[in-house]
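I have placed the structure first, in the form of structure tokens, so that the comments after it can refer back to it.
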Amino acid sequence: MAIELGLANIAVHCGRVEAYRSPAGFAVITARAFSDLAGLVKVSSQLLSAGGRWLAMKGVYPDDELALLPHEVAVDAVHRLAVPGVVGERHLVVISAVQQRIEGRL
């Protein structure tokens, strides 16, 4: 997709996030079809740069998952999405860290 769109400043990694290492953090971490929001934050917090955000695609509004997020993060927004050709609810959850990371982890 990145090649088709002509995007040069993008890095794509296909694999488990727990195994990925990067010398620099990322301003945005995106996820689709990840089991739960708290799990996403837990396994990828070491990859988020200061001031960065997680963008998570979810189906129905994730009330239960939002309630289980750690106190070190804040939900900035939950946007309802209209996806052409897709039946059912879709949401984009925007999350950011509210504390400085200690030793690379929340």
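All residue numbers for the sequence shown refer to the working numbering, where the first residue is 1417 and numbers rise by one. Just so you know, even glycine gets a beta-carbon here, dropped at the ideal spot from N, CA and C.
Report, in whole angstroms, the separation of the C-beta atoms of L1508 and H1495, which I expect to be a contact under 8 Å.
-> Position 92 of the sequence shown, counted from the first residue, corresponds to residue 1508. Position 79 of the sequence shown, counted from the first residue, corresponds to residue 1495. Yes, L1508 and H1495 are in contact; Cβ-Cβ is about 4 Å, under 8 Å.
Assign S1451 to one of two classes, buried (16 or more other C-beta atoms within 10 Å of its C-beta) or exposed (fewer than that).
-> Translated into positions along the sequence shown, residue 1451 becomes position 35. It is exposed - the Cβ of S1451 has fewer than 16 other Cβ atoms within 10 Å.
Does the beta-carbon of I1419 have 16 or more other beta-carbons within 10 angstroms, so that it is buried, or is it exposed?
-> Position 3 of the sequence shown holds residue 1419. Looking at its Cβ environment, which holds fewer than 16 other Cβ atoms inside 10 Å, I1419 is exposed.
To which residues does DSSP link M1473 through a beta bridge?
-> Translated into positions along the sequence shown, residue 1473 becomes position 57. For M1473, which the question treats as bridged, DSSP gives the partners R1448, L1508.
Nearest-angstrom Cβ-Cβ length linking S1556 and G1441, presumed shorter than 8 Å | Nothing in the structure corresponds to residue 1556, since the chain is present only between 1417 and 1522.
Are the Cβ atoms of L1453 and A1472 separated by less than 8 Å?
-> Mapped onto the sequence shown, residue 1453 falls at position 37. Mapped onto the sequence shown, residue 1472 falls at position 56. For L1453 and A1472, yes; Cβs fall inside 8 Å.
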